[in-house]
Structure formats: structure tokens, C-alpha cells
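Asker: Position in the sequence shown counted from 1, then plus 21, gives you the working numbering. What follows is a structure written as C-alpha cells; I'll ask about it next.
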Amino acid sequence: MMTLDRSKAAVALYLQISGQIAEAIESGEYAPGQIIPSEKQFQEKYSVSRMTVRLAIGELVNKGYVECMRGIGTVVTYGKIEENLKRVISFSEEMQLHGVTMQTSYCDIKVVCASEKVASNLNVKINSTVYELIRVRCANNKPIVYSTTYLKISDLPLDANLYSDSLYKFLSDQYNVNIARAGDQLEATLAEGIIAKFLEVAQGFPTFKRTRVAYDQHDNEVEYSICYYPGDKYRYSVNL
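Here it is, written out as C-alpha cells:
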């Protein structure tokens, strides 16, 4: 059992517990992406009520140390790159705002037939031809996102080297296609197969999945993307 000051003049127990867990995270005892002990385990460890532990975890969530992921647990998020959802910009532009150097470790583009799901999101007929762009983007030489992007644009070149930087900038400069708005769906998931391989994480590692449909300046669907981010390196922030 960890020592807590239970005197009348002491700081609230939940704040003491959150402080101790925060120190453990900062020291590396609980690493980014790691699932910390359960509420029950902390309850037994500190000999306190479950409500006290929940308040402590809530304090850590509010301060950005951890994130509660349904079906997975409470994951350490301290030190993550944060993308702030204020307006639609490319991943490269967002990382530049954070002073992060981007690289593309893998890139492939080809023409494919639209599946039912792709067709529905891009508002085209099933089996219509669209472009499929698969990329692995890195931040400071570490994989940060594995993305599969489907594009409804005519006559895109099949030279993968052209897509190593900002996709939105490329589309704007070369095709006068400007992304004006987008709809994102966000969910927690687990890395499997090729996703785990390219993100260089273990099978079943917590990841963050973002699905986006983006529209150009004429309000036409042009992009449908599915992106996976390692849970220890990335976080979204939404301003409402």
C-alpha cells in the first residue's frame, strides 16, 4: 500500500493519488501507450474507495496524462503529439505547427475499383475507378500514422514520389483542388497485421483510428481516408 497523508489538514486523497501516478508517468514507470493498473488495483494499492480512484483518474485525464479508451483501459498519453481540430489542414501542416519534422517511409498509389464503402463515401458508383494512396508518415523518424486514402480526382500521376509531402498542398498547387471542409469519425482500436507492422508496434497495441471524408471548394467529395495512429504518440483535441 502506498503512503497517503490522511490527516484532517491534508490535501484530498484523490489529488494525492493523482499526483503520485503523475510522478510515475513523468519518471517513465508508466510509459506512453502503456495501460496503467485498473481502478480496482489502485483501490487495493491505496486502500481507498473506488470513487476516490475515479476522481484521481479524472484529474489525470483533465491534465493530459492519460486517456480512458473503451474496451482497452486507461492509457498513458503524456508526451503525445496533439492535433487540434480547429480547421481542416493537412497532417504535414499540423505537424509543422508543432515544430515536428515529417518523413514518409512508405508510399504507394494505384488505380482501384471502388468498393461499396468507398463508393458510398465518395458518392460514386460501385466499381468506379478511384485512386488508392497508402502512406506511412513519420515524426522525427518514428512512424506516427498509417493511412489509406481514396481520391476522386481525374488523371493523378502514379509516381509515388510526388506524394511524400503534404497531399492537400499537392492537390491545391497542381489541380486547384482545395479542401474546404471535412467530417471525421474517431475511435479507439487495436493494431493488427500490416498496420502493426508499419507502425512498428506489437499486435493488439492500442491505436487511434480516424476516418475522414473531405470536400473541395465546390462541396464535392474528393477524399476518403482511414488513418491509424499509435496510441502512445498521438492525441486529438477538439474545440467546440
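Where is the CB? At the ideal position from N, CA and C, for every residue including glycine.
Are the beta-carbon atoms belonging to Y171 and E153 less than 7 Å from one another?
Answerer: Cβ atoms of Y171 and E153: closer than 7 Å.
Asker: Could you compute how far the alpha carbon of E50 sits from the alpha carbon of R233?
Answerer: E50 and R233 have their alpha carbons spaced roughly 35 Å apart.
Asker: Taking 6 Å as the cut-off, is the beta-carbon of A30 closer than that to any non-hydrogen atom of the ligand COA?
Answerer: Inclusion of the ligand COA in the displayed structure is not the case, the ligand content being empty and no account of it being possible.
Asker: Do you know offhand how far K107's Cα is from V96's?
Answerer: At K107 the pLDDT is 48, less than 50, meaning the model places this residue with poor confidence and gives no usable figure here.
Asker: Based on the DSSP output, what are the partners of D205 in its beta bridges?
Answerer: Assignment of beta-bridge partners to D205 by DSSP yields R233.
Asker: Applying the criterion that 16 or more other CB atoms from any shown protein chain within 10 Å of the CB defines a buried residue, is V263 buried or exposed?
Answerer: For residue 263 there is no data in the structure shown, the boundaries of the chain being 22 and 261.
Asker: Using alpha carbons as the reference points, say which of I200, E60, Y250 and A77 lies closest to A43.
Answerer: A77
Asker: Tell me whether N162 is buried or exposed, calling it buried when 16 or more other Cβ atoms sit within 10 Å of its Cβ.
Answerer: exposed
Asker: Distance, Cα to Cα, G94 vs F229?
Answerer: Using only the alpha carbons, I get a separation of about 13 Å.
Asker: Whose C-beta lies closer than 6 Å to the C-beta of D176 among residues of the same chain, with five residues either side of it excluded?
Answerer: none
Asker: Over the uninterrupted alpha helix (DSSP H) stretch that includes I46, give me the two end residues.
Answerer: L34 to S48
Asker: Which residues in the same chain have their Cβ closer than 6 Å to the Cβ of I57, if we skip the five residues on either side of it in sequence?
Answerer: Counting only Cβ-Cβ distances below 6 Å, and skipping sequence neighbours, we find Y51 and T95.
Asker: On the CB-based measure, 16 or more other CB atoms within 10 Å of its CB, does L188 come out buried or exposed?
Answerer: buried
Asker: In terms of alpha-carbon separation, which member of Y99, I130 and F226 lies closest to S48?
Answerer: The residue with the shortest Cα to Cα distance from S48 is Y99.
Asker: With a threshold of 8 Å, are at least 3 pairs of Cβ atoms found where one atom belongs to the stretch 77 to 86 and the other to the stretch 201 to 220?
Answerer: no
Asker: Secondary structure at L192, three-state DSSP: helix, strand or coil?
Answerer: helix
Asker: Take S149 and list the residues in its own chain whose beta-carbon comes closer than 6 Å to its own, dropping the five residues that flank it on each side.
Answerer: A135
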